[in-house]
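2 protein chains.
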Amino acid sequence: MRSTPGTEAFPAHTPAAAQIFTTVLSHGPLTRSDMAGRAGLSAAAVTKAVRPLMEAGYLVEDAGDEARPSLGRPANPVRVDGGRALFIGVKITGNEIIAVLTDLCCRIRVARHVPLDDREPKAVLASVAALAQELLAEADGFGVRVQGLGVAVSGDVDRAAGEVRFSPFLEWRDLPLAELMEMTTGLPVTVDNDVRALTVAEQWFGAGVGLSDFAVVTVGAGIGCGLVVHGKVVSGAYGVAGEIGHVVIDPTGPPCHCGNRGCAEAIAADPAIVAAVREATRLPVADAAQAVDLARRGDPGAREVYARAGEAIGRAIATVANLMGPQRVIISGEGLAAYDLFAEQIRDAFTASAFGTAAQCDLLTRPLPFDEWARGAAATAIQSFISGPTRGQG
Amino acid sequence: MRSTPGTEAFPAHTPAAAQIFTTVLSHGPLTRSDMAGRAGLSAAAVTKAVRPLMEAGYLVEDAGDEARPSLGRPANPVRVDGGRALFIGVKITGNEIIAVLTDLCCRIRVARHVPLDDREPKAVLASVAALAQELLAEADGFGVRVQGLGVAVSGDVDRAAGEVRFSPFLEWRDLPLAELMEMTTGLPVTVDNDVRALTVAEQWFGAGVGLSDFAVVTVGAGIGCGLVVHGKVVSGAYGVAGEIGHVVIDPTGPPCHCGNRGCAEAIAADPAIVAAVREATRLPVADAAQAVDLARRGDPGAREVYARAGEAIGRAIATVANLMGPQRVIISGEGLAAYDLFAEQIRDAFTASAFGTAAQCDLLTRPLPFDEWARGAAATAIQSFISGPTRGQG
DNA sequence: TCCGTTCTTTTCCGCCGTCAATAAAAGAAG
DNA sequence: CTTCTTTTATTGACGGCGGAAAAGAACGGA
């Protein structure tokens, strides 16, 4: 394996140690007996796994204790020291690069974004590298080293190989992005699909913590879906998974860029909504914000468009629930800004279309700040750091 | 754990041993070095795992060798001795009980079926018990003990708990079927959903061998789907998964018993096809066989119905492929008798609706003899036998 | 001060799988 | 016919991980 100067290896020498660390990472301060219970290990094993992690400074005793049950030896909760390591997450969209500096607990310390006009790999790589350098300089201010870089790109990405197989928005094909970025930054790089990266963030640091089966649905420029089944993110045998955007909702609906008609994305994604509102109102609506505005001010045509969109999203989510029976679906994305306009329709359509006990699946909405995508990328870098780099061993 | 007299424990004392055994079970005769490669273990570990299994007679050296590479010590392939143990699989439908006696390799030795008119649990249990006794008597003829009983029921089944939570066709609710059957038969009993059982059979003994992600789609009285993701069968957090039959294909389509319109099942399941053919032709078509007959003889109305059904199935399969990106979809079920009538439409609709590389997923059809469902139940029993009973430890 | 309780660590032990060396079973070479 | 080469399988030593049980530690209460 290539030696990356300046980065250190995470001292989890056994799978159990990594498991315990991630348990503490996700579930906040935990006593050792809690860890043993959650991880299904003996208390002795916990002690042995925790020691090297504390010695290395990744775990610390949590002084801020309260509400102890007043009997017996007081418990000694342990938490992750987020400040022990930093990570950079980068999301590359078709017209913008968003980068964040996060700590080990995936809390954002610094966020930056720059516009992107040239989509050639070379130019993009240079922009990303420059942004990474800026954040590395910021990291110096914290006196802590950056241990990894995560990059999120939409499209078909092979995380294990570190390659972008095909990215429609960027028009990239078979680009060994991880290797290239490692050359320019000197950091271990993890590349993943953007929706999957967001799903990883939810799984470790968000509303998916502790769940073995859940889905993340993103509504915005497109409609995407990340799936976790049996505790692991689904990648699909051929790189495609969670394409909820192309579930056909209405075969007589508007045409979709995929070649079919009435896909969820062709009804409920931002461009589709804007187009439909424009057609319904005959007004020169330019973007989603104007469409939302119009609907909020009570325009019946616009409201109807949002109602339809909500129904489409609800039906698409129900399809996911019927097929894989998740415990929870987390709805997120920029499109959530319009949530008040279609929340009811989403729930109604979901309830109507969910079959049997699949309807018990709970729907959760989660606001998506603009830097959340980049945070997802950082989460993948954290994941790689903890589980050890698995790529590039050939 | 309850001691089940007459049955013995499988001598796989370590997870690695069980893994190696199932590898040999699924991949036919293998040399020890092959096993090591496939299981990701060292040759030494294989030797140690194989020995007790051979001593117990579950593995035997495969004398029938051929085509050796003529250099070095000849390899010594090992295979599972199917005749070492027998299993009973039972499928309970709304009007029939099908039971098979299989060997350890899930090859059917004897098959029986009896009609079922009383759906009360008591009566059904009595019928199943009688059938099991018959097969146990047959097993005596082979001089080999029956080591387990698998029962497959449609609906919401909790395999771990051994309970039928809800079976619409049988009108059962919260029935501790495994426990009851263990009392009457004295065998370890595994209860599972019928489609999942079929999926297990494909995963271990069929077209799903060696695949970590695939789907089984059944077409017949209903439309079902079993999913394997990350090498494990998906059960759904609330017991529901793979409900492909209620993917909405056409919101203006015929009403479905689930309350929606245009579900795949309301278009392409046997009853829906019969009803549609009857309406299209104004002929008193009684069952699927007559409908197929009519279509094969060229009736345009009937052919159109099948074409629509094929399109619905293809779209439903594409939905699964888009969401979880399986390597393969295995199409099966009684409805496959009409395969020549809609094969083309299934493939065309799948190709049109599959997104990107998800279309690389290969579609495979597989005839489904009447006793295949029961064989699936036997496969679950074999699985439980090998991995050790996990139920009833509370 | 002693005791009971609860959390944590220590010590010992068994088990499993790998490593490296060895044995085994052929055909090929001399 | 012996010896070498090649590939497969087995053996035995070793190390590491995790568990059981006992000891230790930290507290409140009697």
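Chains as they are written, first to last, in this note's numbering: chain P, 1 to 394; chain S, 395 to 788. Backbone N, C-alpha and C define an ideal beta-carbon position, used for all residues, glycine too.
Helix, strand or coil for residue i per DSSP?
i, result
"residue 113 of chain P", "strand"
"residue 165 of chain P", "strand"
"residue 456 of chain S", "coil"
"residue 546 of chain S", "strand"
"residue 1 of chain P", "Confidence at residue 1 of chain P is low in this model, with a pLDDT of 39, below 50, so its placement is unreliable and no value can be given for it."
"residue 787 of chain S", "For residue 787 of chain S, the predicted model reports a pLDDT of 41, less than 50, meaning its position is unreliable and no value from the coordinates is stated."
"residue 362 of chain P", "strand"
"residue 495 of chain S", "strand"
"residue 71 of chain P", "coil"
"residue 121 of chain P", "helix"
"residue 87 of chain P", "strand"
"residue 762 of chain S", "coil"
"residue 641 of chain S", "coil"
"residue 782 of chain S", "coil"
"residue 741 of chain S", "helix"
"residue 128 of chain P", "helix"
"residue 8 of chain P", "coil"
"residue 81 of chain P", "coil"
"residue 655 of chain S", "strand"
"residue 750 of chain S", "helix"
Using CA atoms only, rank isn't needed, just tell me which of the options is closest to residue i.
i, options, result
"residue 711 of chain S", "S:591, S:677, S:692, S:611", "S:611"
"residue 152 of chain P", "P:198, P:387, P:144", "P:198"
"residue 178 of chain P", "P:203, P:150, P:155", "P:150"
"residue 356 of chain S", "S:714, S:603, S:743", "Residue 356 of chain S lies beyond the range of chain S shown here (395 to 788); nothing can be said about it."
"residue 752 of chain S", "S:608, S:683, S:475", "S:608"
"residue 699 of chain S", "S:554, S:411, S:662", "S:662"
"residue 52 of chain P", "P:124, P:309, P:12, P:379", "P:12"
"residue 485 of chain S", "S:660, S:697, S:590, S:664", "S:590"
"residue 289 of chain P", "P:36, P:280, P:302, P:158", "P:302"
"residue 432 of chain S", "S:621, S:664, S:603", "S:603"
"residue 519 of chain S", "S:509, S:586, S:505, S:578", "S:578"
"residue 533 of chain S", "S:503, S:512, S:548", "S:503"
"residue 206 of chain P", "P:72, P:107, P:221, P:277", "P:107"
"residue 556 of chain S", "S:633, S:692, S:510", "S:633"
"residue 156 of chain P", "P:143, P:148, P:173, P:145", "P:173"
"residue 57 of chain P", "P:10, P:312, P:228, P:119", "P:10"
"residue 34 of chain P", "P:54, P:374, P:79, P:15", "P:79"
"residue 772 of chain S", "S:540, S:524, S:441", "S:540"
"residue 55 of chain P", "P:42, P:81, P:36", "P:81"
"residue 648 of chain S", "S:626, S:706, S:605", "S:706"
"residue 271 of chain P", "P:223, P:227, P:237", "P:223"
"residue 622 of chain S", "S:745, S:606, S:754", "S:606"
"residue 694 of chain S", "S:627, S:675, S:669", "S:675"
"residue 401 of chain S", "S:576, S:487, S:714", "S:576"
When the distance is taken between beta carbons, is residue j closer than 8 Å to residue i?
i, j, result
"residue 456 of chain S", "residue 468 of chain S", "no"
"residue 690 of chain S", "residue 747 of chain S", "no"
"residue 376 of chain P", "residue 241 of chain P", "no"
"residue 444 of chain S", "residue 482 of chain S", "no"
"residue 703 of chain S", "residue 725 of chain S", "no"
"residue 389 of chain P", "residue 176 of chain P", "no"
"residue 774 of chain S", "residue 586 of chain S", "yes"
"residue 247 of chain P", "residue 258 of chain P", "no"
"residue 266 of chain P", "residue 277 of chain P", "no"
"residue 538 of chain S", "residue 479 of chain S", "yes"
"residue 542 of chain S", "residue 779 of chain S", "yes"
"residue 235 of chain P", "residue 194 of chain P", "no"
"residue 717 of chain S", "residue 249 of chain P", "no"
"residue 498 of chain S", "residue 740 of chain S", "no"
Exercise. Which runs of the beta strand (DSSP E), 3 residues or longer, sit entirely within the region 263-332 of chain P?
Worked result: You should have 328-332.
Problem set entry | contact_flag[the region 715-729 of chain S, the region 553-563 of chain S] where n(CB pairs < 8 Å) is 3 or more | They do not touch, by the three-pair rule.
Exercise. Quick check: the region 759-768 of chain S against the region 730-746 of chain S, are there 3 or more CB pairs under 8 Å?
Worked result: In short, these stretches touch, since the Cβ pair count reaches three.
For this session: Pick out the complete beta strand (DSSP E) segments inside the region 555-615 of chain S, 3 residues or longer, and give them in chain order.
Result: 557-561, 566-569, 583-587, 608-613, all fully within the region 555-615 of chain S.
Problem set entry | Cβ pair count under 8 Å reaching 3, the region 529-543 of chain S against the region 493-500 of chain S | Note that the region 529-543 of chain S touches the region 493-500 of chain S; at least 3 beta-carbon pairs, one per stretch, sit closer than 8 Å.
Exercise. Is the region 439-458 of chain S close to the region 414-428 of chain S, with three or more CB pairs under 8 Å?
Worked result: Taking 8 Å as the limit for Cβ pairs, the verdict is that the region 414-428 of chain S does touch the region 439-458 of chain S.
Problem set entry | Residue ranges of each beta strand (DSSP E) within the region 410-446 of chain S, 3 or longer | Taking only runs of at least 3 residues, no beta strand (DSSP E) segment lies wholly in the region 410-446 of chain S.
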